[in-house]
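In terms of the UniProt record's numbering, the sequence shown is residues 1 to 309.
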Amino acid sequence: MKKIILMTWLCIAAFGLSGCGVASNGNTENPTATAPTEIAEPSSTIPPTSDHPAYQNATYIIEGQSITLVDGRSEIEAAPGSASKIVTQYFGNEAFGDLNGDGKEDVVFLVTQNSGGSGTFFYVVAALQTETGYQGTNAVLLGDRIAPQTTAIENGRIVVNYTDRKPDDPFTTQPSVGVSKYIKVVDGNQVEVVDPSQFTKREWKWVETQLNDGTITTPVEASSYTIIFNEDGTLVGKTDCNNYSGKYNLVDNKLSLSDISVSVEKVCEGSQETEFIKSLGEIGSLLLNGVENKLVLLVKYDSGSMVFE
1 MKKIILMTWL
11 CIAAFGLSGC
21 GVASNGNTEN
31 PTATAPTEIA
41 EPSSTIPPTS
51 DHPAYQNATY
61 IIEGQSITLV
71 DGRSEIEAAP
81 GSASKIVTQY
91 FGNEAFGDLN
101 GDGKEDVVFL
111 VTQNSGGSGT
121 FFYVVAALQT
131 ETGYQGTNAV
141 LLGDRIAPQT
151 TAIENGRIVV
161 NYTDRKPDDP
171 FTTQPSVGVS
181 KYIKVVDGNQ
191 VEVVDPSQFT
201 KREWKWVETQ
211 LNDGTITTPV
221 EASSYTIIFN
231 EDGTLVGKTD
241 CNNYSGKYNL
251 VDNKLSLSDI
261 SVSVEKVCEG
271 SQETEFIKSL
281 GEIGSLLLNG
291 VENKLVLLVK
301 YDSGSMVFE
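So this is what it looks like as structure tokens:
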């Protein structure tokens, strides 16, 4: 009993030096102090995971779907549980400048998207600089397997130049038709607009007028109806019977025609002149199809369209 009490007191006395009843690994040196780990301050934006620019780590709207690029790439399922993937990738052709008038430098560039088929679709997207990082816009489609050329920002507008194929060309044919797209950023969204240089100083021939009730009117005499838009805001043309003139005003893609007058030199039986001139007076906007070389004048209130080529 005395031996047990003595051993207990010896153990307590030695506890502060070596512990009691604990196996030792033979190393009695004090452990080296470790410097505290620094904790990163929270960031208002998600930083890129590599050296890629921040606009390659932003979210864009492509065909109505939110696509978030990570280091310039996104890969998502084409459908829930599908083995097919929609792959979106940064392509390049950046241009820098102020797109929304806030004094900050924004950027526009091209991306490609492939959903498993043979097509590679090119889009132009913009990244608007904000206090907390880049805000992506919607994407504007350029085409399938086009040949990009230049991208620029001019007077706050995006200008994308590329070549495409003719409508009947197979994809084995190299793109050869020059196309320019003009785009503005309005309320954070990209909107296609028309530049006067795209349709002025050339003769357009009326092909057909199509109304939303299904009515289609074509010229009885092919190429007999024309229109020419001059750079000074005036227009001239001819019908199957007489000549006419007038004025036009273009703001972005909103077009109005006014003061249209016909120089009545003769009266032609069966002429479509009256209906044609009436339709011109009802135009509210226009579209251009550079690949098919067509000018589409849209009637107000989505009532129909007049097609020229």
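Note that beta-carbon positions come from the ideal geometry of N, C-alpha and C, so glycine has one too.
Given the structure is predicted, the values throughout are model-derived calculations rather than measurements.
Rounded C-alpha distance that separates residue i from residue j
{"i": "Val299", "j": "Asn212", "result": "10 Å"}
{"i": "Asn68", "j": "Ala54", "result": "It should be noted that the sequence gives Thr, not Asn, for residue 68. Answer to the nearest angstrom: the Cα atoms are 12 Å apart."}
{"i": "Ile86", "j": "Gln113", "result": "7 Å"}
{"i": "Thr239", "j": "Lys166", "result": "29 Å"}
{"i": "Val185", "j": "Gly270", "result": "47 Å"}
{"i": "Tyr248", "j": "Glu75", "result": "47 Å"}
{"i": "Glu273", "j": "Val264", "result": "11 Å"}
{"i": "Lys205", "j": "Ser256", "result": "19 Å"}
{"i": "Ile158", "j": "Thr151", "result": "7 Å"}
{"i": "Ser66", "j": "Val296", "result": "31 Å"}
{"i": "Phe199", "j": "Gly81", "result": "47 Å"}
{"i": "Val191", "j": "Gly290", "result": "17 Å"}
{"i": "Glu275", "j": "Glu131", "result": "55 Å"}
{"i": "Asn253", "j": "Ser180", "result": "15 Å"}
{"i": "residue 310", "j": "Lys278", "result": "Since the first and last residues shown for the chain are 1 and 309, residue 310 lies out of range."}
{"i": "Val70", "j": "Gln56", "result": "6 Å"}
{"i": "Leu141", "j": "Cys268", "result": "45 Å"}
{"i": "Asp51", "j": "Asn155", "result": "30 Å"}
{"i": "residue 314", "j": "Pro219", "result": "For the chain, the structure presents residues 1 to 309; residue 314 sits outside this window and is missing."}
{"i": "Val288", "j": "Lys294", "result": "The question names Val, yet the displayed sequence has Leu at residue 288. When rounded, the distance between both Cα atoms is 6 Å."}
With 16 other Cβ atoms within 10 Å as the buried cut-off, status of residue i
{"i": "Glu221", "result": "exposed"}
{"i": "residue 318", "result": "There is no way to answer for residue 318, as the model of the chain reaches only from 1 to 309."}
{"i": "Tyr301", "result": "exposed"}
{"i": "Glu105", "result": "exposed"}
{"i": "Ile46", "result": "A caution first: Ile46 carries a pLDDT of 47, below 50, which makes its placement in the model unreliable, though a value can still be read off. Result: exposed."}
{"i": "Gly92", "result": "exposed"}
{"i": "Phe122", "result": "buried"}
{"i": "Phe171", "result": "exposed"}
{"i": "Ala215", "result": "Note that residue 215 is Thr in the sequence shown, not Ala. The residue is exposed, with fewer than 16 neighbouring Cβ atoms inside 10 Å."}
{"i": "Gly103", "result": "exposed"}
Reduced DSSP category for residue i - H, G, I as helix; E, B as strand; rest coil
{"i": "Ser66", "result": "strand"}
{"i": "Ser84", "result": "coil"}
{"i": "Ser180", "result": "strand"}
{"i": "Ala54", "result": "helix"}
{"i": "Gln190", "result": "strand"}
{"i": "Gln89", "result": "strand"}
{"i": "Pro170", "result": "coil"}
Proximity of residue i and residue j at Cβ, strictly below 8 Å
{"i": "Asp195", "j": "Tyr182", "result": "yes"}
{"i": "Thr163", "j": "Ala139", "result": "no"}
{"i": "Glu208", "j": "Ile228", "result": "no"}
{"i": "Ile61", "j": "Thr88", "result": "no"}
{"i": "Ile153", "j": "Phe109", "result": "no"}
{"i": "Gly246", "j": "Ser223", "result": "no"}
{"i": "Thr226", "j": "Gly237", "result": "yes"}
{"i": "Lys201", "j": "Glu231", "result": "yes"}
{"i": "Thr173", "j": "Arg145", "result": "no"}
{"i": "Ala127", "j": "Ala58", "result": "yes"}
{"i": "residue 312", "j": "Gly101", "result": "In the structure as shown, the chain starts at 1 and stops at 309, and residue 312 therefore has no counterpart that could be examined."}
is_contact[residue i, chain C] using C-beta, thresh 8 Å
{"i": "Lys166", "result": "Among the chains of the structure shown, chain C does not appear; only one protein chain is present."}
Segments assigned alpha helix (DSSP H), at least 4 residues, entirely inside the UniProt domain "DUF306" (205-307): Complete alpha helix (DSSP H) runs here, min 4: 273-280.
Beta strand (DSSP E) runs wholly inside the segment 104-163, at least 3 long, in chain order: Within the segment 104-163, the runs of beta strand (DSSP E) at least 3 residues long that lie entirely inside it are, in chain order, 106-114, 121-130, 133-136, 140-144, 147-154.
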